[in-house]
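For the sequence shown, the working numbering begins at 2 and goes up steadily by one.
Even for Gly, the Cβ is constructed at its ideal location relative to N, Cα and C.
Right, one structure below, let's go through it.
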Amino acid sequence: MKLRSTGRKTLVPTRYDIEKLQDHKVKNAFILQLKNKFQALTDNPDIVPSETTEVNTKWDQIRTIYETTSQDCLGFKQGKKMKKWITPGTWKVIEERRHMNKKILDTKSERLQERHKAAYRVLDKNVKRMARADKRAYMEDLAKQAEEAAEKGEQGKIYKITREICGKFRSNNDVHIKDKNGRLLTTEDEQKARWAEHFKEVLNRPPPDDEAIVIEAVQDLEININLPDKQEIIKVIKSLKNGKSPGLYWTNQMNTSQHSGKFRNNLDTVAKFIVLPFID
C-alpha cells in the first residue's frame, strides 16, 4: 500500500485591494495621503532624497510611502472572494440573518426559538429577494458596459465581461501522450521520458554549415541615452494596463505585490520622486 504525499503548500503573496480605488472617496483619500507623505518627505531635509543618496535608499523611501498608504486606505484582499454584485444593503441583511441564526442556536426556550425562527424566515426571504435584484441589476450593468465597449471597439473589455458572465470553462479531459509508434503511455515515468526525448530532438540541433554574416551598420542610430525626465515617466505609467499581474519583481521588491493602478493616481508627484533614483 502506498500513501500519496500531500505536496508542498505554495505561499501566495498578499495583495492590496486595488478595486477599492474605483470608489471616488477611497481614491481621493489615497491621493491625499500620498501627497501629504511625499510633501513631508520633501520638507524634511534629513530624509529627502538627494544626489548623494544611494539608489536603494531612494527606492526604499518611495516603496515605504506606497506600502503604508496602501495598508491604511486599501487594505489587503480577503482570502475568500466575496460576490461583488451583492450591494452593501444586502450584506447588512445577511449579517442580521446570521445573528438571528445564532440566537436560535443559543436560545433554549422553545417559545423564543419559534419567535426567532419566524424572524429568521422573514430575513431569509428578504435576503434572497434582494440578492436576486442585485444580481439582475449587476448583469444589466455588465450588458450595458459590453455594448459601450463594442461601440468603442474595446475587444479586451468585451472578452473580460463575457468571461465574467459565462464563467470560465475548464476541460477535465487529460492530455493523452503517445510514443513515436502511437502507443499510449500510461505511466508517469514513460511520459516524462517521452517529453525529454521530444525536447532533445527539437532543441538539440546540429550547428549550421554556414556561419551567419553580420552586416555592419551603415550609420549609427540616434538613441537618446539621457536620464529619463518626469514627462517620460508619466507617459510610461499611463501606458501600463490595469488588471495585470504585478509579477515576481514587484512581489520581491514590495514584500506584497504591487499594481500599476496605484501609480496612476497623483502622477505628477509620483513621477517627480521616481526620477530621483536615476540622479547620481
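L185 carries a strand assignment under DSSP once its states are collapsed to helix, strand and coil. Assigned with DSSP and collapsed to three states, K179 falls in strand.
R206 carries a coil assignment under DSSP once its states are collapsed to helix, strand and coil.
Leaving aside the five residues that flank L124 on each side, the residues in its chain whose CB is nearer than 8 angstroms to its CB run, in chain order, V94, E97, R98, M101. Here T187 has no same chain residue with a Cβ atom under 8 angstroms from its own Cβ, once five neighbours each way along the sequence are excluded. Taking each of K21, E55, H25, I66 in turn and checking the Cα distance to A41, the smallest one comes out for I66. Between T91 and A120, the gap from beta carbon to beta carbon reaches 8 angstroms or more. When rounded, the separation of the alpha-carbon atoms in G183 and R195 is 12 angstroms. With 16 or more other Cβ atoms from the protein chains shown falling within 10 Å of its own Cβ, T70 counts as buried. Under DSSP, R195 takes part in no beta bridge, so it has no partner. For L22, the number of other beta carbons within 10 angstroms of its own is at least 16, and it is reported as buried.
With respect to the 8 angstroms criterion, F77 and R130 are not classified as neighbours on the basis of their beta carbons.
About 27 angstroms separates the Cβ atoms of L75 and I166, ruling out a contact at the 8 angstroms cut-off. The C-alpha of K26 lies about 24 angstroms from the C-alpha of I235.
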